[in-house]
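Its first residue numbered 1, the sequence shown is counted upward by one per residue in full-length UniProt numbering. Backbone N, C-alpha and C define an ideal beta-carbon position, used for all residues, glycine too.
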Amino acid sequence: CSNLPKAQQLLDELCGQDPVIEHFVGRCQEEANQGRFKLRDLLSLPMQRILKYHLLLGELIRNTSDQHEDFEGLRHAYDMMLDIGAYINEMKRDTETLEIINDVQRSIIDLSMPDDYELKDYGRLIKDGEVRMRGPSTQDGDNGMINVHHGVGNCSYGSRINNTRLKNRYIFVFDKV
Numbered sequence: 001c002s003n004l005p006k007a008q009q010l011l012d013e014l015c016g017q018d019p020v021i022e023h024f025v026g027r028c029q030e031e032a033n034q035g036r037f038k039l040r041d042l043l044s045l046p047m048q049r050i051l052k053y054h055l056l057l058g059e060l061i062r063n064t065s066d067q068h069e070d071f072e073g074l075r076h077a078y079d080m081m082l083d084i085g086a087y088i089n090e091m092k093r094d095t096e097t098l099e100i101i102n103d104v105q106r107s108i109i110d111l112s113m114p115d116d117y118e119l120k121d122y123g124r125l126i127k128d129g130e131v132r133m134r135g136p137s138t139q140d141g142d143n144g145m146i147n148v149h150h151g152v153g154n155c156s157y158g159s160r161i162n163n164t165r166l167k168n169r170y171i172f173v174f175d176k177v
């Protein structure tokens, strides 16, 4: 389920690159469903249907006496389909989030990470967004002034700069960091 977009994209690419594959897929689509659906659409049908099974089972439960021999089996199947649906949706969200994290990592210039470590290794992305913040103040609570210990811009070693100006920063919060 989580790789459905990649499967659909690959199918489109293969059909676009090779006329033999495109003809074969077209012929199979025509034979299988009288051309009503494209193969890329058929790839999503099982996922769409399995996510609706709990609705059918719920209707069966509502129309089945709780004394009927199949009632408990229907309840169990209903609960299982809810669990499966939740799992599928969670995996789809995780896959989408992983794609976002990978896009973010590729877009950061000069990202310095420990060896064999990627942003995804920090866990699930809990929140991301822009914040407005003031720079840090010194330990003695001087209300927004910071000591510069190295040459920065026009500031010399040991000088003080006013850091009360608001700055926009984009942050990421992961569950393991």
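What are the residues that DSSP puts in a beta bridge with residue i?
i      : result
Gly129 : Ile171
Does DSSP classify residue i as helix, strand or coil?
i           : result
Arg106      : helix
residue 194 : Residue numbering for the chain in the displayed model covers 1 to 177; residue 194 lies beyond these limits and cannot be assessed.
Asn89       : helix
Asp41       : helix
Asn63       : coil
Tyr117      : coil
Leu57       : helix
Asn3        : coil
His68       : coil
Cα separation between residue i and residue j?
i      : j      : result
Gln8   : Arg134 : 46 Å
Leu11  : Arg40  : 7 Å
Ala32  : Met113 : 50 Å
Lys38  : Gln29  : 6 Å
Val25  : Arg36  : 13 Å
Ser107 : Arg49  : 37 Å
Glu90  : Leu82  : 12 Å
Asp128 : Val177 : 13 Å
Pro46  : Asn102 : 28 Å
Mind reading off the beta-carbon distance from residue i to residue j? Whole number of angstroms is fine, and I expect it under 8 Å.
i      : j      : result
Val131 : Leu119 : The pair is not a contact, with the Cβ atoms about 18 Å apart (cut-off 8 Å).
Per the contact definition of three or more C-beta pairs closer than 8 Å, is the region 97–105 in contact with the region 65–73?
Not touching, per the Cβ criterion.
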